[in-house]
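Accompanying notes for the structure given below.
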Amino acid sequence: MKAFVVFSLVVVSALAQHPAELDFDATDAIQRLHSALLSRFPTPAPPVRAVPVRPLPTPRPRQEQAGLLAGHLAGHLAGHQAPHRFEGPPQPIKRWEGPFAHEIPAGVEGSVGHTQFTPEVAAARKFIAQAHLNHVRQRLAMEGEQL
């Protein structure tokens, strides 16, 4: 049984391809996933509903309250006016009818690159995968010597 396990580990380590040895472009894989998802589940156009425009009630001027106050509050509210509203008449809510950012190629030829997969990040990921592969090979060599 142990010989079979060791043999299978040797075969897997010799024939299997580790991520460090792959030429894998994550951007193209993501692009293929997005296109497959959008072809299977197309995004319907958003419904556009007209929003009724209702005028606001006209504010009435405040009545003079100075006659109701006495003592030190007698002139406190003198000259106060209703606050001015700077908004215009209410406008209907506009909905975005154009494409979203992930759907526009932005004039770039080829597939759209994501910022998280810069050449430096790809090199770092490949280095980590290579270090993992080296570690696995060392462990296999050590376990082969012990058996």
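With mature numbering (1 follows the signal peptide of the UniProt record, and there is no 0) applied, the sequence shown covers -16 to -1, 1 to 131.
Built from N, CA and C at the ideal position, the CB exists for glycine as well.
Secondary structure note for Asp12: its alpha helix (DSSP H) is the uninterrupted segment Ala10 to Arg24. Put simply, the backbone Cα of Ala125 is about 10 Å away from that of His119.
For the pair Pro103 and Pro73, the Cα-to-Cα distance works out to about 52 Å. Sequence-distant partners of Phe101 (beyond 5 residues in either direction) whose C-beta falls short of 7 Å from its own C-beta, in its chain, are Ala10 and Thr11. Here the C-alpha atom of Gln15 lies approximately 55 Å from the C-alpha atom of Thr42. Arg33 carries a coil assignment under DSSP once its states are collapsed to helix, strand and coil.
In this structure, DSSP gives Glu104 a helical state, which the three-state scheme calls helix.
The criterion of a C-beta distance shorter than 8 Å is satisfied by Arg79 and Pro30.
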